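Accompanying notes for the structure given below.
Protein chains: 2
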Amino acid sequence: MVGRNRLQSDKDNLRQEIMDVARELFVAEGFRSVSMRKIADRIGYSATTIYLYFKDKNDILAQICRQTFERLTENINAIYNLSDNPLEKLRSGMREYVYFGLKNPSQYELVFIAPLPLEFEPDGINNGTAAFDTLRRVVGECAAAGLLKSADVELTSQTLWAGIHGVTALLIQHEGFPFVDREKLIGSVIETLIAGIRT
Amino acid sequence: MVGRNRLQSDKDNLRQEIMDVARELFVAEGFRSVSMRKIADRIGYSATTIYLYFKDKNDILAQICRQTFERLTENINAIYNLSDNPLEKLRSGMREYVYFGLKNPSQYELVFIAPLPLEFEPDGINNGTAAFDTLRRVVGECAAAGLLKSADVELTSQTLWAGIHGVTALLIQHEGFPFVDREKLIGSVIETLIAGIRT
DNA sequence: AGAAATAAATTAACAGTGTTATTTTATTTT
DNA sequence: AAAATAAAATAACACTGTTAATTTATTTCT
Chain A
123 MVGRNRLQSD
133 KDNLRQEIMD
143 VARELFVAEG
153 FRSVSMRKIA
163 DRIGYSATTI
173 YLYFKDKNDI
183 LAQICRQTFE
193 RLTENINAIY
203 NLSDNPLEKL
213 RSGMREYVYF
223 GLKNPSQYEL
233 VFIAPLPLEF
243 EPDGINNGTA
253 AFDTLRRVVG
263 ECAAAGLLKS
273 ADVELTSQTL
283 WAGIHGVTAL
293 LIQHEGFPFV
303 DREKLIGSVI
313 ETLIAGIRT
Chain B
123 MVGRNRLQSD
133 KDNLRQEIMD
143 VARELFVAEG
153 FRSVSMRKIA
163 DRIGYSATTI
173 YLYFKDKNDI
183 LAQICRQTFE
193 RLTENINAIY
203 NLSDNPLEKL
213 RSGMREYVYF
223 GLKNPSQYEL
233 VFIAPLPLEF
243 EPDGINNGTA
253 AFDTLRRVVG
263 ECAAAGLLKS
273 ADVELTSQTL
283 WAGIHGVTAL
293 LIQHEGFPFV
303 DREKLIGSVI
313 ETLIAGIRT
C-alpha cells in the first residue's frame, strides 16, 4: 500500500518532469525541431521510456496545453469578477486573452493557430473554447444591458474572437513585420471591435 | 541556339510540372505529410532530380505561394478600380482577401498563418505585404476623405488586417468548431471593423 | 561524322525522425 | 528466495530531407 503510493508518486514526478523539460524545449526551439531523443537525453532516460507516460509526441504537447489553458480560463474568470460594467469586463478579458497568447506563444500556436494533429484537436479545442465560453457569457451580459447593436450573441462573440485572435496570431507569427507599437495595435483592435459592436 | 531554347523550355516545363503536382499534393494532404519521394513518384523522376529545380522542399512551396499571391494582389487591385467610394473599395477588398484565403487555404496558411522556415519568410512576407500595401493605400484614401476616426493610417490598416486575418485563419484552421454561417461571420467581422474605424 | 564537354538524371548513402517489439533490469508480492 | 510485475533500455523498422558520386543523355566543337 505504502509501496504502491510511492511508486505512483514517482510515476507522476517523472511524468511532470518530462512535461517541464519538453515545454522548455518546445518554447526555445519549436515543437517540430525537438525530438523525442532530445527530451530523453535531458531527463536522463531513453527515448522509448517517454512512451510509458505519453501516447506519442503530440500527446506531450496536448497535456502541456491543457495545463496552460486552464490558467487562461482562471485568469479571465478572475478578471470578470473585478468589474461590474460588462463592457469593461469585455475590454479587460480581451486584453488578457491577447497578452496570454503573447506570453505563451508556443501553446497558443498549438491550440489556436496550427492545431495540426487532427486526433488531438478535440482536447485542444475544448481547452481553448472554455475561454471562449466565458467571452460569450460576457457578450450576453452586454446584450442584456442593451449595449450592443446586434442581438445575435453568438455572432458577436465569434466576431470579437476573430479580431483578437487575428492580432494575437499576427504578433506571434510575424515578428519580422514592421508592426506599429504592440500596445497601441492591441488597443486599437480592441477599441475598434468594441466601437463596432456598440449601439 | 535553337537547341538551347528547347532545352530551356523543357526545364521550365518540368519545373512547372513539379509545382503543379506539389501544389495538388500539398492541398490534399498537407505540406508536412508530402515527401519529396512522393512528389517524385508522381512526376516519374527520382527524388533528387527535384533538387535540380528547387533549392529544397520549402522552396517548392515558396514558389507556389509566390504565384498564388500575385493573383491575390491582381484581384484586389482590380476590385479597387471598380468603385469610386473608398469605403466601398475597402469593404470589397477585405471580402476578396478573406475569400481568397478560404479558396487557397494551403498557401494562405504558409504565407500568413504558419511561416515556419525562417530563411524563407522574407519572400513569403513580401508576397503577402504586396496585398497589404494596397489595403493601406485605400485606407489612406478613406482618411483623406475624412471618413475615419483616426488619422493614423498605418495603425488603422494593421487593425483591419488583424481582423480579416483572424476570421480567415479561424475558418481555415478550426473546421471542427461550430461557427455560425460563414458568410454571416465574414460580413459581421468586416462591418464591425468598418463601423469601428468610421467617424 | 566522331570526340570532348556539358547537362540531366539516377543510385547510394547519411544522419536524423517517430514509433513498436523485444529483451533486460529493477521492484514488489507471494 | 521464487514468482510476478513494473520500469527501462536496446534493437530495429520504415520513413524523412538532403548530399556526393556516378551514370546516362544531350549539345558543342573539330
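Chains as they are written, first to last, in the numbering used here: chain A, 123 to 321; chain B, 123 to 321.
Glycine included, every Cβ here is placed at the ideal spot set by N, Cα and C.
The structure presented is a predicted model; accordingly, all values stated were derived computationally and were not measured.
Looking only at its own chain, which residues have a Cβ that is under 6 Å from the Cβ of residue 194 of chain A, when we skip the five neighbours before and after it? Within the first sequence, the letter at position 72 stands for residue 194 of chain A. Cβ within range, chain order: 222, 253.
Reference residue 314 of chain B, options B:286, B:291, B:183, B:302, closest by Cα: Your numbering for residue 314 of chain B matches position 192 in the second sequence. Ranking B:286, B:291, B:183, B:302 by Cα distance to residue 314 of chain B puts B:286 first.
Would you mind giving the Cβ-Cβ distance between residue 165 of chain A and residue 140 of chain A, rounded to the nearest angstrom? I have them listed as a contact below 8 Å. For this step, residue 165 of chain A is matched to residue 43 along the first sequence. For this step, residue 140 of chain A is matched to residue 18 along the first sequence. Confirmed, about 6 Å.
Taking the alpha-carbon positions, what's the residue 312 of chain A to residue 213 of chain A distance? Within the first sequence, the letter at position 190 stands for residue 312 of chain A. Within the first sequence, the letter at position 91 stands for residue 213 of chain A. Their backbone Cα atoms lie some 7 Å apart in a straight line.
Residue 314 of chain B: first and last residue of the uninterrupted alpha helix (DSSP H) it sits in: If you number the second sequence from 1, residue 314 of chain B lands on position 192. Note, residue 314 of chain B: alpha helix (DSSP H), 304 to 319.
Return the chain-ordered list of same chain residues with a C-beta closer than 6 Å to the C-beta of residue 230 of chain A, the five sequence neighbours on each side being excluded. Here residue 230 of chain A corresponds to residue number 108 of the first sequence, with the count starting at 1. Excluding positions up to five away in sequence, the list reads 223.
Taking its Cβ as the centre, do 16 or more other Cβ atoms sit within 10 Å of residue 173 of chain A, making it buried, or is it exposed? Residue 173 of chain A sits at position 51 when you count from the first residue of the first sequence. By the neighbour-count rule (16 or more Cβ atoms within 10 Å), residue 173 of chain A is not buried but exposed.
Tell me the residue span of the alpha helix (DSSP H) that contains residue 209 of chain A. Locating residue 209 of chain A in the first sequence gives position 87, counting from the first residue. Here the alpha helix (DSSP H) through residue 209 of chain A covers 208 to 225.
Tell me which residues of the region 308 to 320 of chain A have at least one Cβ-Cβ distance to chain B shorter than 8 Å, keeping chain order. Flagged, chain order: 310, 311, 313, 314, 315, 316, 317, 318, 319.
Tell me the residue span of the alpha helix (DSSP H) that contains residue 154 of chain A. To locate residue 154 of chain A, count along the first sequence from 1; it is residue 32. Where residue 154 of chain A is concerned, there is no enclosing alpha helix (DSSP H), given that its DSSP letter is neither H nor E.
Can you list the residues of chain B that residue 235 of chain A reaches, using a CB-CB cut of under 9 Å? One-based indexing of the first sequence puts residue 235 of chain A at position 113. Result: 235, 236, 291, 295.
Can you have a look at residue 292 of chain A and say buried or exposed, based on whether 16 or more other CB atoms are within 10 angstroms of its CB? For this step, residue 292 of chain A is matched to residue 170 along the first sequence. By the C-beta density criterion, residue 292 of chain A is buried, having at least 16 other C-beta atoms within 10 angstroms.
Segment contact flag, the region 149 to 167 of chain B with the region 192 to 207 of chain B, C-beta cutoff 8 Å, min 3 pairs: With the cut-off at 8 Å, the region 149 to 167 of chain B and the region 192 to 207 of chain B do not touch.
Residues near residue 125 of chain A by beta carbon distance below 7 Å, same chain, minus five either side: Translated into the one-based positions of the first sequence, residue 125 of chain A becomes position 3. Note that residue 125 of chain A has pLDDT 32, beneath the 50 cutoff, so the model's placement of it is unreliable and the number below is only indicative. Close CB contacts of residue 125 of chain A within its chain, under the 7 Å cut and outside five residues either way in sequence, are absent.
Near-chain A residues of the region 183 to 196 of chain B (beta-carbon distance less than 8 Å), N- to C-terminal order: Answer set for the region 183 to 196 of chain B: empty.
Flag residue 148 of chain A as yes if its beta-carbon sits less than 8 Å from any beta-carbon of chain B, otherwise no. Reading the first sequence from its first residue, position 26 is the one you call residue 148 of chain A. With 8 Å as the cut-off, residue 148 of chain A does not count as an interface residue toward chain B.
Helix or strand or just coil, what does DSSP make of residue 257 of chain A? Position 135 of the first sequence holds residue 257 of chain A. Annotated three-state conformation of residue 257 of chain A is helix, per DSSP.
Taking Cβ positions only, does residue 306 of chain B come closer than 8 Å to chain A? Position 184 of the second sequence, counting from 1, holds the residue named residue 306 of chain B. Taking CB atoms only, residue 306 of chain B has a neighbour in chain A less than 8 Å away.
For chain B, check one thing: does any of its Cβ atoms lie closer than 8 Å to the Cβ of residue 276 of chain A? Sequence index remark: in the first sequence, residue 276 of chain A carries index 154 (1-based). Output row for residue 276 of chain A: interface = yes.
At which residues does the alpha helix (DSSP H) containing residue 279 of chain B begin and terminate? Counting from one through the second sequence, the residue named residue 279 of chain B turns up at place 157. Judged by DSSP secondary structure, residue 279 of chain B falls within the alpha helix (DSSP H) whose first and last residues are 275 to 295.
Flag residue 239 of chain B as yes if its beta-carbon sits less than 8 Å from any beta-carbon of chain A, otherwise no. Numbered from 1 along the second sequence, position 117 holds the residue referred to as residue 239 of chain B. With a pLDDT of only 48 at residue 239 of chain B, under the threshold of 50, the placement of this residue in the model should not be trusted; the figure read from the coordinates follows. Chain A, which has no Cβ nearer than 8 Å to the Cβ of residue 239 of chain B, makes this no.
Looking at the structure shown, is residue 269 of chain B part of a helix, part of a strand, or coil, going by DSSP? Within the second sequence, the letter at position 147 stands for residue 269 of chain B. Here residue 269 of chain B sits in coil by DSSP.
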